[in-house]
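Residue numbers (the numbering used here): 8 to 187.
We put the CB at the ideal spot given by N, CA and C, even for glycine.
What follows is a single structure, written as structure tokens, with notes after it.
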Amino acid sequence: HDVPELFVNLSWRLLKELPMLPEGTEVAYDQFVIANDRYAAPIDAPAKLRRRGNKFSVGDLTFEISNLSGAVTSLRRGSLELLAEPHTLSLYRPITENDFKDKNGKGGKTWRKEGLDSISQRLTKLNIKNNVATACINVLNRMGMTIASAELSYSASADGTFKVACRFIPDTASLKALPR
Numbered sequence: 008h009d010v011p012e013l014f015v016n017l018s019w020r021l022l023k024e025l026p027m028l029p030e031g032t033e034v035a036y037d038q039f040v041i042a043n044d045r046y047a048a049p050i051d052a053p054a055k056l057r058r059r060g061n062k063f064s065v066g067d068l069t070f071e072i073s074n075l076s077g078a079v080t081s082l083r084r085g086s087l088e089l090l091a092e093p094h095t096l097s098l099y100r101p102i103t104e105n106d107f108k109d110k111n112g113k114g115g116k117t118w119r120k121e122g123l124d125s126i127s128q129r130l131t132k133l134n135i136k137n138n139v140a141t142a143c144i145n146v147l148n149r150m151g152m153t154i155a156s157a158e159l160s161y162s163a164s165a166d167g168t169f170k171v172a173c174r175f176i177p178d179t180a181s182l183k184a185l186p187r
């Protein structure tokens, strides 16, 4: 029996229009290969997202959200775990020459000084509405200070599609420069 290759494709798109960039513009793309010696074919299942505690499911697709961080700690298709580690928010990107020109960036020194080089997240609220699980989180810097909040919205369908949307709200009073 031929086992198909499985991939997780992520497309990062703008939710709102920016100067010179229309809404929906793809700003980043990731693709991850999933090792799959056991492939569970899609089954007909109700499209309604079901919740039991911090576990959510549609058909044979299930995901679990941490009660502490709001991160997705498990994503399963049948008995096959698809995550090697929790799915968390990341502000990391390599420093570029533009950062040396930014009066607030100063070559990334500000990021390290403000603790943006090692962030964590804390769950403040978890709910489900209109078939979407939403984890509201506080984003903490290395020193444990809140530097932003975010709404992580997770939706799934019976065909195995898993979508993540993030609404990031920086605390501009404490953050002067962000990776962009």
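Under 7 Å between the Cβ atoms of I154 and D178? Taking the sequence shown and counting its residues from 1, one reaches residue 154 at position 147. Taking the sequence shown and counting its residues from 1, one reaches residue 178 at position 171. The criterion of a C-beta distance shorter than 7 Å is satisfied by I154 and D178.
Using 8 Å as the Cβ pair cut-off and three pairs as the minimum, do the segment 71-84 and the segment 132-145 touch? Because the criterion of three Cβ pairs below 8 Å is met, the segment 71-84 and the segment 132-145 touch.
Do L68 and R84 come within 7 Å of each other at the CB atom, strictly closer than that value? For the purposes of this step, residue 84 is taken as the residue at position 77 of the sequence shown. For the purposes of this step, residue 68 is taken as the residue at position 61 of the sequence shown. Between R84 and L68, the C-beta spacing is below 7 Å.
Does DSSP put V40 in a helix, a strand or coil? Translated into the one-based positions of the sequence shown, residue 40 becomes position 33. In the displayed model, V40 falls within a strand according to three-state DSSP.
Just to confirm, is the Cβ distance from L21 to L28 under 7 Å? The sequence position of residue 21 within the sequence shown is 14, counting from 1. The sequence position of residue 28 within the sequence shown is 21, counting from 1. Taking 7 Å as the Cβ cut-off, L21 and L28 qualify as a contacting pair.
In this structure, does DSSP put K55 in helix, strand or coil? On the sequence shown, position 48 is the one that residue 55 refers to. Coil at K55, not helix or strand.
Straight-line Cα distance separating E158 from R174: Along the sequence shown, read from residue 1 onward, the residue named residue 174 stands at position 167. Along the sequence shown, read from residue 1 onward, the residue named residue 158 stands at position 151. Cα to Cα, R174 sits roughly 5 Å from E158.
For E121, which of R149, T131, R129, N137 has the nearest alpha-carbon? Here residue 121 is taken as the residue at index 114 of the sequence shown, counted from 1. Of the candidates R149, T131, R129, N137, the one whose C-alpha sits nearest the C-alpha of E121 is R149.
Collapsed DSSP secondary structure at R129 in the structure displayed: Counted from its first residue, the sequence shown places residue 129 at position 122. Looking at R129 - three-state DSSP - the assignment turns out to be strand.
Span of the beta strand (DSSP E), counted from its first residue to its last, around L68: By one-based count along the sequence shown, residue 68 stands at place 61. Note, L68: beta strand (DSSP E), 68-72.
Please name the residue in A180, V171, L182 whose C-alpha comes closest to that of V15. Here residue 15 refers to the residue found at position 8 when the sequence shown is read from its first residue. Looking at A180, V171, L182, the one whose alpha-carbon comes closest to that of V15 is V171.
Under the assumption that N134 contacts K55 (Cβ atoms under 8 Å), give the Cβ distance between them as a whole number of angstroms. Your numbering for residue 134 matches position 127 in the sequence shown. Your numbering for residue 55 matches position 48 in the sequence shown. For N134 against K55, the beta-carbon gap comes to about 16 Å, at or over 8 Å, which does not count as contact.
Can you look up R149 in the DSSP assignment and give me helix, strand or coil? For the purposes of this step, residue 149 is identified with residue 142 of the sequence shown, where counting begins at 1. R149: coil per DSSP, three-state reduction.
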